[in-house]
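When we follow my numbering, the leftmost residue of the sequence shown carries the number 1468, and every step to the right adds one.
The beta carbon of each residue, even a glycine, is placed where N, CA and C say it ideally should be.
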Amino acid sequence: MQKKHIKHAGMVLAAGASSRMGRPKALLPAAGNLPLAQIQADVLRSGGCGRVVVVLGAEAERIRPCLADCDVTLNKDWEKGRFTSVQAGLRALGDFDGCIILPVDAVGLRAETVRTVLAHASEIHAAAVRPTYRGKDGKLLWVSRALAEELLRASPGDQRLDDLVRERAERISVDDPALLSNVNTPEEL
């Protein structure tokens, strides 16, 4: 079955082992006591992403049943690094013009921030858009279809997404401190 074309897609990266957290970050209770992965997917949808997929890996069998309102894909190679999760998410999303990539642990992001990034991406012809907060790169990233195709062809090996897009991403300043959030331990919640 062929997936329909989507202007803006989104993915939530939630495949890691969360070893410092001691439990899956995807299941951390967030607003309304919903799992964090669900909240992140909802933010992307509310921000304008037509299709959103949550990429799972470690403890997927435990996490998947808790994400009833999410499209989920499994990254069987999650132990090889985050880049393999990006590739798994891109494959699962199908046809799109651009895609927002959001780590599950970038807590507190606003839907308005997603809308701002998508609006900017629609106006320009960049390979990627990286929102910044007070001059620092945010965790969220938008990639064009052309760049997504390059990422899919790349060997996962030792690739880091940030290294591949650093010089190609157009920066846009956004007033959202959550762009810099990165929750790794229970104390950071």
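As a beta-bridge residue in DSSP terms, alanine 1476 pairs with Arg1518, Cys1566. Excluding sequence positions up to five before and after arginine 1531, its CB lies within less than 7 Å of the CB of Leu1523, Val1539, all in the same chain and listed in chain order. Judged by DSSP in its simplified three-state form, proline 1644 adopts helix.
Shown here, leucine 1618 sits in a helix according to DSSP, grouped into three states. In the three-state scheme derived from DSSP, where H, G and I count as helix and E and B as strand, arginine 1627 is classed as coil.
If you compare the alpha carbons of Ala1497, Val1641, Ala1527 with that of lysine 1603, the shortest gap goes to Val1641. If you draw a straight line from the Cα of proline 1491 to the Cα of serine 1552, it is about 16 Å long. Assigned with DSSP and collapsed to three states, glycine 1499 falls in helix. The beta carbons of alanine 1578 and lysine 1606 sit no closer together than 8 Å. For leucine 1523, the beta-bridge partners assigned by DSSP are Ala1481, Leu1541. For valine 1553, the uninterrupted alpha helix (DSSP H) run begins and ends at 1549 to 1560, by DSSP.
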